[in-house]
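Participant: The structure follows.
Number of protein chains: 2
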Amino acid sequence: MYELYYWPEIQGRGEYVRLALEAGGSAYRDVAREKDGTDAMMRLLDAPDVRTPPFAPPFLRDGDILVGQVAAILQHLGPVLGLAPKGAADALWLHQIQLTITDFVAEIHDTHHPIGNRFYYQEQKTEAKRRATVFREDRIPKFMGWFETILTRNPAGAGHLVGDRLSYGDTSLFQLVEGLRYAFPKAMGKGEAAWPKAVALHDRVAALPRIQAYCRSDRRIPFNENGIFRAYPELDN
Amino acid sequence: MYELYYWPEIQGRGEYVRLALEAGGSAYRDVAREKDGTDAMMRLLDAPDVRTPPFAPPFLRDGDILVGQVAAILQHLGPVLGLAPKGAADALWLHQIQLTITDFVAEIHDTHHPIGNRFYYQEQKTEAKRRATVFREDRIPKFMGWFETILTRNPAGAGHLVGDRLSYGDTSLFQLVEGLRYAFPKAMGKGEAAWPKAVALHDRVAALPRIQAYCRSDRRIPFNENGIFRAYPELDN
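Chains as they are written, first to last, in the working numbering: chain E, 794 to 1030; chain P, 794 to 1030.
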């Protein structure tokens, strides 16, 4: 069974992996959420005999394979979960989309931590306000506009990011829209009309029975102010 | 022939692709450096009939394939250039390393642009000083220490990041050390003794005939203050 290792109290970067495992109907252990699980995660991260030590959580254990980096985990899982296209060119395109999502997620994190994780948010709030303004005005439109563009250009139609079947890119886009609505409700309220295809894809993913079941379960950790997406009203003004 | 598209006046993110193409002995066009080349790049980026529009440069054209995101480009090129291991598990490990390098590069960029690219460096210098301090003290040691660890644990020895042959990970690590020495000479001067294997690998890559020839040629753009690595003494204090 797949073992996912990620911080147990946040959705964070691990959520893109959780959503793919859930959408694919795969059994998995969310190890750090089990009893003494965070200790197990830290032991594995620090174990001197691990040949391929991940730089940071999340990472996935799949038998002998230990793999970190969300986009690499999803590339590894995608074909097995039925969440990646079969052709090599389409698989590369999907991966490229996920890597762009990775960049977006890093920028989202930095809206509340523009200086670094050494300091609490309160200690970098002034800088955060300035960065968040640029993020809301320049970066959300650029990234969301790009998703809208690639949906428009999908030769199989705007039902999915790649081809005509659900992929981990679609579940990742769902999470982005969910999170942005949580963290930047005002900015999203103003912006969403410009990205109808992306929002419609979010809605379709949200309506999938497996995603609905997951989001209603306690396996889905609620958004909170320790995660990537944080509801700080002063950053949404 | 491969066509690389990237900003013509900086090494930037494109350099990781250039180095792989050079180390692999591949012919390629650096399109934006040709006459009217930047216009050609922007036209391709904006062309409405491109099915897989990259989010941003660099991107590579390989026949019918147009691929952006450095790590995806290198994953695509690696096997053809002889710069990726043959086994799937090793190839995934190499890709994971490159994705971690991607994260490091984004953090390096943000030392001089912690607020965003909308503002000139001079307009975010105060924030940059604060972020650069955290970067020098926390992040350089964490990333460089990780490279040292994975070199130490490579079962084939510390000669290369993965296995016993040159890969695009090695040429990327070369570029990181070169760039960090340019941008943070004092921090690197103090820090390098802690990462002897990583520095030795940098030196071996630097001594490769193809890399030497490239670095002496005008195909190698010198470091400058428009790129990712910038020599701002106030950020290295």
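Glycine included, every Cβ here is placed at the ideal spot set by N, Cα and C. Quick caveat: nothing in here was measured; it's all calculated off a predicted structure.
Expressed to the nearest angstrom, what Euclidean distance is found between the alpha-carbon atoms of LEU812 of chain E and LEU887 of chain P?
Facilitator: Taking the first sequence and counting its residues from 1, the one referred to as residue 812 of chain E is at position 19. Taking the second sequence and counting its residues from 1, the one referred to as residue 887 of chain P is at position 94. So the alpha carbons of these two residues sit roughly 25 Å apart.
Participant: Within the same chain, show all residues whose beta-carbon is closer than 7 Å to that of GLY875 of chain E, passing over the 5 residues directly before and after it, in chain order.
Facilitator: For the purposes of this step, residue 875 of chain E is taken as residue 82 along the first sequence, with counting starting at 1. Cβ within range, chain order: GLY817.
Participant: Could you give the first and the last residue of the continuous alpha helix (DSSP H) run that contains TYR961 of chain E?
Facilitator: Locating residue 961 of chain E in the first sequence gives position 168, where the first residue counts as 1. Unbroken alpha helix (DSSP H) run through TYR961 of chain E: 961 to 976.
Participant: Going straight from the alpha carbon of ASP931 of chain P to that of VAL998 of chain P, what length do you get?
Facilitator: For this step, residue 931 of chain P is matched to residue 138 along the second sequence. For this step, residue 998 of chain P is matched to residue 205 along the second sequence. Distance between the alpha carbons of ASP931 of chain P and VAL998 of chain P: 26 Å.
Participant: Does the separation of the CB atoms of PRO1032 of chain E and SER960 of chain E fall below 8 Å?
Facilitator: Residue 1032 of chain E falls outside the range modelled here, since chain E spans only 794 to 1030, and no answer is possible.
Participant: Can you name the start and end residues of the beta strand (DSSP E) that PHE852 of chain P belongs to?
Facilitator: Here the question's residue 852 of chain P lines up with position 59 in the second sequence. Start and end: 852 to 855.
Participant: Does DSSP put ILE890 of chain E in a helix, in a strand, or in coil?
Facilitator: Stepping through the first sequence from its first residue, residue 890 of chain E is reached at position 97. Looking at ILE890 of chain E - three-state DSSP - the assignment turns out to be helix.
Participant: Closest to LEU954 of chain P by C-alpha separation, out of P:ILE933, P:GLU920, P:LEU797, P:ALA991, would be which residue?
Facilitator: Position 161 of the second sequence, counted from the start, is the residue given in the question as residue 954 of chain P. Residue P:ALA991 is the option with its Cα nearest to LEU954 of chain P.
Participant: Which residues, taken in chain order from the region 916 to 939 of chain E, show a beta carbon closer than 9 Å to some beta carbon of chain P?
Facilitator: Residues passing the 9 Å Cβ filter: GLN917, THR919, GLU920, ARG923, ARG924, THR926, VAL927, PHE928, GLU930, ASP931, ARG932, LYS935, PHE936, TRP939.
Participant: When DSSP labels each residue in this structure, what does ARG844 of chain E get in the three-state scheme?
Facilitator: Here residue 844 of chain E is taken as the residue at index 51 of the first sequence, counted from 1. It is coil, neither helix nor strand.
Participant: Kindly give me the distance between the Cβ atoms of LEU885 of chain P and VAL860 of chain E, rounded to whole angstroms, as I take these residues to be in contact under 8 Å.
Facilitator: On the second sequence, position 92 is the one that residue 885 of chain P refers to. On the first sequence, position 67 is the one that residue 860 of chain E refers to. Confirmed, Cβ separation roughly 6 Å.
Participant: Residues of chain E with CB closer than 7 Å to the CB of PRO948 of chain P, please, in chain order.
Facilitator: For the purposes of this step, residue 948 of chain P is identified with residue 155 of the second sequence, where counting begins at 1. Per Cβ cutoff of 7 Å: ARG844.
Participant: Sort P:ALA993, P:GLU796, P:HIS905 by Cα distance to ARG923 of chain P and report the nearest one.
Facilitator: For the purposes of this step, residue 923 of chain P is taken as the residue at position 130 of the second sequence. Here the closest residue by C-alpha is P:HIS905.
Participant: For VAL860 of chain P, which residues does DSSP report across the bridge?
Facilitator: Working through the second sequence from its first residue, we reach residue 860 of chain P at position 67. VAL860 of chain P pairs with P:LEU853.
Participant: Can you tell which of P:TYR975, P:PHE940, P:GLU916, P:GLY871 has the C-alpha that lies nearest to the C-alpha of GLU1018 of chain P?
Facilitator: Within the second sequence, numbered from 1, the residue matching residue 1018 of chain P stands at position 225. Of P:TYR975, P:PHE940, P:GLU916, P:GLY871, the residue nearest in Cα terms is P:TYR975.
Participant: Quick one: does GLY861 of chain E have its CB under 8 Å from some CB of chain P?
Facilitator: The residue given as residue 861 of chain E occupies position 68 in the first sequence. GLY861 of chain E counts as touching chain P.
Participant: Between the region 824 to 836 of chain E and the region 892 to 906 of chain E, are three or more C-beta pairs nearer than 8 Å?
Facilitator: In short, these stretches do not touch, since the Cβ pair count stays below three.
Participant: Apart from the five residues on each side of it in sequence, which residues of its chain come closer than 8 Å, Cβ to Cβ, to ALA987 of chain E?
Facilitator: On the first sequence, position 194 is the one that residue 987 of chain E refers to. So the list reads PRO934, MET937, GLY938, GLU941, once near-sequence residues are dropped.
Participant: Please report the straight-line C-alpha distance between PHE977 of chain P and ASP957 of chain E, rounded to a whole angstrom.
Facilitator: One-based indexing of the second sequence puts residue 977 of chain P at position 184. One-based indexing of the first sequence puts residue 957 of chain E at position 164. Whole-angstrom Cα-Cα distance: 48 Å.
Participant: Using a threshold of 8 Å, state whether the C-beta atoms of PRO907 of chain E and GLU916 of chain E are closer than that.
Facilitator: The residue labelled residue 907 of chain E in the question sits at position 114 within the first sequence. The residue labelled residue 916 of chain E in the question sits at position 123 within the first sequence. The answer is no: Cβ separation not under 8 Å.
Participant: What's the C-alpha gap between ARG822 of chain P and PRO989 of chain E?
Facilitator: For the purposes of this step, residue 822 of chain P is taken as the residue at position 29 of the second sequence. For the purposes of this step, residue 989 of chain E is taken as the residue at position 196 of the first sequence. Cα-Cα distance, rounded: 38 Å.
Participant: According to DSSP, what are the bridge partners of LEU797 of chain E?
Facilitator: Here residue 797 of chain E is taken as the residue at index 4 of the first sequence, counted from 1. The partner list for LEU797 of chain E (beta bridge, DSSP) reads E:ASP823, E:LEU853.
Participant: So that I know if they touch, is there some Cβ in chain P lying closer than 8 Å to that of HIS869 of chain E?
Facilitator: On the first sequence, residue 869 of chain E is found 76 positions in, with the first residue counted as 1. Judged by the 8 Å Cβ criterion, HIS869 of chain E is in contact with chain P.
Participant: Could you tell me which chain P residues have their CB closer than 8 Å to the CB of ILE1021 of chain E, listed as they occur along the chain?
Facilitator: Along the first sequence, read from residue 1 onward, the residue named residue 1021 of chain E stands at position 228. Per Cβ cutoff of 8 Å: no residues; ILE1021 of chain E is ~14 Å from chain P at best.
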